[in-house]
Structure formats: structure tokens, C-alpha cells
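> Here the sequence shown is numbered in our numbering, starting from 116 and rising by one per residue.
Beta carbons: idealized from backbone N, C-alpha and C, even for Gly.
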Amino acid sequence: MFEQETPLPPCNFVIFGATGNLATIKLLPALYRLEVAGKLPDGLNFIAFGRREWGDAQWREHVKKVLAEKLKAGGDVLEKFAARFDYLRGDLEEPQAYQALKELLAKPKLGVCSNIVFYLAIKPGDFHAVIKNLDGAGLSKPRGLHRIVVEKPFGVDIESAQVLNQLLHRYFDESQIFRIDHYLGKETVQNLLVFRFANTLIEPLWNRNFIDHVQITVAENLGIDKRADYYDKAGAMRDMLQNHLMQLLTLVAMEPPPALEADALRDEKVKVLRSIRPISKRSVHAHAFRAQYKAGQCAGCPAPGYQDEPGVEPNSVTETYVAAKMYIDNWRWRGVPFYLRTGKRLKDSVSMIAIRLRHPPQQLFRETPLETLEPNWIVLSIQPEESMHMEIHAKQPGLDMNTRVVRLNASFRGQDENPLDAYEALLLDVIEGDGTLFIRFDEVEWAWRVVDPILKYWAQERDFIHTYAAGSWGPHESNRLFDAEETEWRNRV
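Below, the structure written as C-alpha cells:
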């Protein structure tokens, strides 16, 4: 992303879990778009590692079918992309499969490669087996050379995250480990740094003197979609808030880094996480709220409740909605609440950072028809569309003193410019060896320190959970987190 010393590009890219949902829905389309854009090195080959009894030809046909359906791909570019792949059938637990992988990597077609990417598009429970088997086959050597990409969640609590980190560091250096959070690849998120630090209009307002509170929302109108085996053990806190939302919070709250370099940026993010006020056991109810969706209507169609989803444990109290209030105890943010919420089966799929500015300290309009002034907002939309705008007041035309809210649109994409998929940006960074948009372990560790007390408290409350109707904006009870009575969740972009 930013200028730095560029390592040699890899000549092989191994995808573990190649036949799974993540590879099919995200990785293959993103890699194909990079092919179309001419960003993949000519010597880069892919090895798809999966359990299905396929050969190379069947896998390549699968790739072409997937991309034709999703992207209407075809022609010579698709043929070239599919031809980059070899397929290796293997079980993640079988050491002999990794010996076969080592032999495949040494074949004349691929050449003896000194730089390999191992992408773990698999369940977190399989990380340990893959990492140990890679080392057992000698594929983690020479140390410091290859790259390993790990998908979230990074552990299920601080202890398991530390164990996973120790295992990774036993065989790989920190510079080789790419902990991926696809939200950091979204253009609005990247643009937040430019929006804040490249504009003298914005940065002077970015503190407790002018900002009333910050809301970070990641709402989904979908359910768990056949992920019960994972989701019923994870829940919304582990699945979304501990990683995606906490990363967005750090980018909103961080100080300007001294340089646009990977570690300089990460250092400032860690400072934010270390400054978050600890949540004690007795204050969990005042700082966090959880709930679970029940049956309702989504997009005009009946939607089942969470406990009726296939694979969910009977009487499960896993949260599908979580809201939290956090304070950052430093000079910039002291006393400013940060409200985070995420949930499934909500009314719309919306992701945004909404920053509410303080009301002006005067009553200039009290003798006018204006009873109350709507607050000013700065809104950064991540989805459904990526945009940025400010909301301010302007007088309506006419004789009376009435105002309307107008938007100062700071959208950064022209009508003829296509959006960049987050995985495209991040996969290209992996290939180029740029770790700027990836997460260092101390970020993971401090994020777990923030949420662990909440999870441990909830683990003791196994007999009750609040509910909300599928297709709604979530439980009204979550409003108890707000410091001011007039504060409410912002649902519109």
C-alpha cells in the first residue's frame, strides 16, 4: 500500500481449504480480478489443497464455472488464470499430504521455489494441524522466507490467542505472518487515514472538544448461513466486535503515525487499545449488551429464529447481536463514549462509522420556530456503498427561520471508477509482502484484553438472553448503554 522495501514476489501460492466457502466466495474472484488487472506476477502458480477426490482438470473446470457464474468471466484471461492452478487432494491432519505438497512444489513446472504463500482458508480449529504439518514436511524452512496468511478469529480468548501466536512464532517470524482482517482492505477504511491526516479542516475537530460520541455499526440482514458449527461457539462478540469493529475503532481514534509504514501505523493502533478503560465484572451490564434474533420478517420473507437454524444447539444463548460502550482514557478522547454494535438478521446490511459533533454552546435560535437543532455528523459509509459526508445545517428558502440538514459530500470515487474488493487489495499486499494493512499480534492481544472480561461474565449467565425480531434494528434495551437520554442508534447512512 505504501512505499517500502519490497520483498521478492512468491512463485507459489498454496490455498488450504480451497474447496470451502471462503475460497469460493472471496479468494478466487479476488485473485481473478487481479489477473484481469495484470497484477499477478507471470511466474506465480497456485496449488489448491482440498479434500475432494479431484484432479487438476476437474479443479480447473470448477474454477472456470465459479468465476463464470459470479463474474461472467471467460475468454483467454480465464483460461490463463485456471491454468495457473494445480490441485492436491489431502487431509489437513495427514502428514503424508504435506510430503506430497512438498514434492509438487519441486516439480519442473513450478520450479524449486524459494518464496511461498500458505493461505489458511480453513476453520480456526485446523490451524494447529496445518502449521505443525508444514514444519514436519520442512515447508516452514528456511525461516524468515515464506509467508503464512491466517484468517480471523485469532483464538477464542486471550489464552488461546497467545497459544496460537506461540505456535506460529515457533516456525515463522512475525514479518512472515499476515493476520488478515478484510475490513482493513476496504477503501473507505483506508481513506479514513487520508481524510483525517491530509486535511487541516478535519484534524482540529477530531477530539473530545468537538466530538460528542462515536458510533461504529456493522449490521447484517443475513443469518448464520450454514455456519452453525462455527458461529454457535463464537457468537457476535468473537466473530465481529473483537476484530472488525475494534480495528475500526483504532483507526478512528489513533494519533498520526510518524510515517506511513507498517509498524508505525500498528504502534499507534496498539496505543489506542492499551488506553481503553478496562471493564470490570461489576460494570459489564453498563458497558455491554447481547441478544439473539427470534423469528421475524426479513426483506418481506419469513425468517427463522436463531435457535431454529440448522445445527444450532437447543436453547443456545449464543449472541447474534452485541453492543458495547468503550472509553479511551487519553488526552484526545477522555470522556467521549465509543458505541460499537453488530448483529445478524437486522433490517439492512449497513457498515459505517458515524461521528456526532457537539451542539454549539449557545441558544441563538431560541426565539425562532426552531425548537431543536439536529446534531452535525461526519459519516463514513463502508457498505452498502463506500462514501464519506458531513451533515450541517442550512436555512431553508423562505421568510421563516427554518433549517434543513444538507450534506457536504466527500465521496472519493468517480462515476466511472469501479470499487475495489477488499480481498483484492489484501491479497496483492500479501503477494508483494506489504504488511501495513495486516494485524500485529499485540493488536490481537490487547483487543482480547478489552473484551475478555465481558465474555467471561457472559459465560456465567447461561440461562437467559434478550431477543429481537429478525428484520428489526435490534433490541431496544441496548439503548441503556447511552450516556445521554436523547442519544439513539444511527441506522441510516
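1. Return the first residue and the last residue of the alpha helix (DSSP H) that Asp567 is part of.
2. With 16 other CB atoms within 10 Å as the buried threshold, where does Val437 fall?
3. Which residues mark the beginning and the end of the beta strand (DSSP E) in which Thr582 is found?
4. Should the segment 391-403 be called in touch with the segment 441-450, which here means at least 3 C-beta pairs below 8 Å?
5. I need the DSSP call for His84, collapsed to helix, strand or coil.
6. So, are the CB atoms of Leu143 and Val178 less than 8 Å apart?
7. From Thr139 to Leu146, what distance separates their C-alpha atoms?
8. Going by the CB atoms, is the gap between Trp448 and Arg323 shorter than 8 Å?
9. Express the C-alpha separation of Phe128 and Val611 in angstroms, rounding to a whole number.
10. Which residues mark the beginning and the end of the beta strand (DSSP E) in which Phe200 is found?
11. Thinking C-alpha only, which one of Leu216, Ala349, Ile263 and Ala585 is nearest Gly415?
12. Can the beta-carbon of Val304 be found less than 8 Å from the beta-carbon of Leu366?
13. Can you give the beta carbon distance from Leu254 to Tyr298, rounded, assuming they're within the 8 Å contact cut?
14. Give, in chain order, every unbroken run of the alpha helix (DSSP H) that is at least 4 residues long and sits entirely within the segment 303-357.
15. What residues match up with Gly165 in a beta bridge as DSSP calls it?
16. From Arg199 to Phe161, what does the alpha carbon distance come to, in whole angstroms?
17. With DSSP run on the structure shown, which of helix, strand or coil describes Leu472?
18. For a test of the three-state rule: what should DSSP assign to Thr602, helix, strand or coil?
19. My parser needs the beta strand (DSSP E) runs of 3 or more residues fully inside the segment 418-477; what are they?
20. Express the C-alpha separation of Leu149 and Glu184 in angstroms, rounding to a whole number.
21. Just to confirm, is the Cβ distance from Ala418 to Gly411 under 8 Å?
22. Per the DSSP calculation, Phe293 is bridged to which residue(s)?
23. Can you tell which of Ala252, Gly240 and Gln498 has its C-alpha closest to the C-alpha of Gln332?
24. According to DSSP, is Asn230 part of a helix, a strand, or is it coil?
25. In terms of residue numbering, what span does the alpha helix (DSSP H) encompassing Gly251 cover?
26. How many angstroms separate the CA atom of Ala351 from the CA atom of Gln511?
27. Whole-angstrom Cβ separation of Ile292 and Ile263, contact assumed at under 8 Å?
28. Which residues does DSSP list as the beta-bridge partners of Tyr408?
29. Within this structure, are the beta carbons of Thr134 and Arg175 separated by less than 8 Å?
30. Using a Cβ-Cβ cutoff of less than 8 Å, which residues in the same chain neighbour Leu159 once the five nearest sequence positions on both sides are dropped?
31. Asp344: buried (16+ other C-beta within 10 angstroms of its C-beta) or exposed?
32. Once you ignore the five residues that flank Ala188 on each side, which residues in its own chain have a CB closer than 7 Å to its CB?
33. Could you tell me whether the Cβ atoms of Leu260 and Asn230 are closer together than 8 Å?
34. Does Ala414 come out as helix, strand or coil in the three-state DSSP assignment?
35. Our contact map puts Leu207 next to Asp241 with C-beta atoms below 8 Å; I'd like the distance itself, whole angstroms only.
Concretely, from the data shown:
1. What you label residue 567 is simply residue 452 of the sequence shown in a count that begins at 1. Note, Asp567: alpha helix (DSSP H), Phe556 to Gln575.
2. On the sequence shown, position 322 is the one that residue 437 refers to. It is buried - the Cβ of Val437 has at least 16 other Cβ atoms within 10 Å.
3. For the purposes of this step, residue 582 is identified with residue 467 of the sequence shown, where counting begins at 1. Unbroken beta strand (DSSP E) run through Thr582: His581 to Ala584.
4. yes
5. Because the chain in this structure spans residues 116 to 608, residue 84 falls outside the shown range and cannot be described.
6. The residue given as residue 143 occupies position 28 in the sequence shown. The residue given as residue 178 occupies position 63 in the sequence shown. A contact, by the Cβ cut-off of 8 Å.
7. For this step, residue 139 is matched to residue 24 along the sequence shown. For this step, residue 146 is matched to residue 31 along the sequence shown. Each residue's alpha carbon lies about 11 Å from the other.
8. On the sequence shown, position 208 is the one that residue 323 refers to. On the sequence shown, position 333 is the one that residue 448 refers to. Contact: yes.
9. A query on residue 611 cannot be resolved here, the shown segment of the chain reaching from 116 to 608 and no further.
10. As a working note, residue 200 is residue 85 in the sequence shown. That run of the beta strand (DSSP E) goes Phe200 to Arg204.
11. Taking the sequence shown and counting its residues from 1, the one referred to as residue 415 is at position 300. Residue Ala585 is the option with its Cα nearest to Gly415.
12. The sequence position of residue 304 within the sequence shown is 189, counting from 1. The sequence position of residue 366 within the sequence shown is 251, counting from 1. For Val304 and Leu366, yes; Cβs fall inside 8 Å.
13. Locating residue 254 in the sequence shown gives position 139, where the first residue counts as 1. Locating residue 298 in the sequence shown gives position 183, where the first residue counts as 1. Going by Cβ atoms, the distance from Leu254 to Tyr298 rounds to 30 Å, so no, they are not a contact pair.
14. 343-351
15. If you number the sequence shown from 1, residue 165 lands on position 50. Arg204, per the DSSP bridge assignment.
16. Working through the sequence shown from its first residue, we reach residue 199 at position 84. Working through the sequence shown from its first residue, we reach residue 161 at position 46. Taking the straight line joining both Cα atoms gives about 6 Å.
17. Numbered from its first residue, the sequence shown carries residue 472 at position 357. Note: Leu472 maps to strand in three-state DSSP.
18. Position 487 of the sequence shown, counting from 1, holds the residue named residue 602. Looking at Thr602 - three-state DSSP - the assignment turns out to be coil, as it is neither helix nor strand.
19. 436-442, 452-458 and 465-472
20. Working through the sequence shown from its first residue, we reach residue 184 at position 69. Working through the sequence shown from its first residue, we reach residue 149 at position 34. Going by the C-alpha atoms only, they are around 18 Å apart.
21. Position 303 of the sequence shown, counting from 1, holds the residue named residue 418. Position 296 of the sequence shown, counting from 1, holds the residue named residue 411. Cβ distance < 8 Å, so Ala418 and Gly411 count as in contact.
22. Along the sequence shown, read from residue 1 onward, the residue named residue 293 stands at position 178. Phe293 is bridged to Val264.
23. Position 217 of the sequence shown, counted from the first residue, corresponds to residue 332. Looking at the sequence itself, residue 332 is Thr, so the reference to Gln does not match. Measuring from the Cα of Thr332, the nearest candidate turns out to be Gln498.
24. Working through the sequence shown from its first residue, we reach residue 230 at position 115. In this structure, Asn230 counts as coil in the three-state DSSP scheme.
25. Position 136 of the sequence shown, counting from 1, holds the residue named residue 251. Segment Phe242 to Gly251, the alpha helix (DSSP H) holding Gly251.
26. Your numbering for residue 351 matches position 236 in the sequence shown. Your numbering for residue 511 matches position 396 in the sequence shown. Distance between the alpha carbons of Ala351 and Gln511: 43 Å.
27. Translated into the one-based positions of the sequence shown, residue 292 becomes position 177. Translated into the one-based positions of the sequence shown, residue 263 becomes position 148. Yes, Ile292 and Ile263 are in contact; Cβ-Cβ is about 6 Å, under 8 Å.
28. Numbered from its first residue, the sequence shown carries residue 408 at position 293. Tyr408 pairs with Tyr583.
29. As a first step, residue 134 must be located in the sequence shown, where it is residue number 19. As a first step, residue 175 must be located in the sequence shown, where it is residue number 60. Going by C-beta atoms, Thr134 is not nearer than 8 Å to Arg175.
30. Indexing the sequence shown from 1 puts residue 159 at position 44. Around Leu159: Pro124, Pro125, Cys126, Asn127, Phe128, Arg199 and Ile546.
31. On the sequence shown, position 229 is the one that residue 344 refers to. So Asp344 ends up on the exposed side.
32. Working through the sequence shown from its first residue, we reach residue 188 at position 73. Excluding residues within five positions, the ones whose Cβ falls inside 7 Å are Tyr147 and Leu182.
33. Sequence index remark: in the sequence shown, residue 260 carries index 145 (1-based). Sequence index remark: in the sequence shown, residue 230 carries index 115 (1-based). Going by C-beta atoms, Leu260 is nearer than 8 Å to Asn230.
34. As a working mapping, residue 414 is identified with position 299 in the sequence shown. In this structure, Ala414 counts as coil in the three-state DSSP scheme.
35. Reading the sequence shown from its first residue, position 92 is the one you call residue 207. Reading the sequence shown from its first residue, position 126 is the one you call residue 241. 5 Å between Cβ atoms; contact.
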